[in-house]
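Numbering follows the UniProt record's numbering, in which position 54 of the sequence shown is assigned residue number 54; successive positions increment by one, without gaps. Ideal Cβ positions, reconstructed from N, Cα and C, are used throughout, including at glycine. Keep in mind that this is a model prediction, so the values were computed, not measured.
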Amino acid sequence: MTSKAQNSEAHETTDHNVIQKWAEERGGKPATVKATEEDGHAGILRIDFDPPDEALDRISWDAFFEKFDEAGIAFLHQDRTKDGKLSRFHKFVRH
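Here it is as structure tokens:
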């Protein structure tokens, strides 16, 4: 298997530093889907890329990771596409 192919595979993590670094390298910001907040807690989590998505509210990394840990989820992500380009593929999965 080539290193490009290995980098194009999806990886699952709950490591806050890995998630934040992955998002920031791609210009991503922590966000929630508007109108999904409850009792002052962050709602459905997303990573928002420029241009900002009007359906999302950007939040702090602290608020993002508080909700992330509370929800017991993991971050599935791809570092690079099969052709070696930086990938934005990601999703939140049950852990």
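Secondary structure of residue 69 (DSSP, three-state): helix.
Rounded to whole angstroms, the Cβ separation of residue 21 and residue 56 is 20 Å, and the two are not in contact under 8 Å.
The beta-bridge partner set that DSSP reports for residue 29 consists of 48.
Counting only the Cα atoms, residue 48 lies some 5 Å from residue 28. Relative to the Cα of residue 65, the nearest Cα in the group 90, 82, 14 and 85 belongs to 14. Cβ-Cβ distances below 7 Å link residue 67 to 41, 42 and 45 in the same chain, with the five nearest sequence neighbours on each side left out; the list follows chain order. Under DSSP, the beta-bridge partners assigned to residue 41 are 38. When rounded, the separation of the alpha-carbon atoms in residue 36 and residue 16 is 22 Å.
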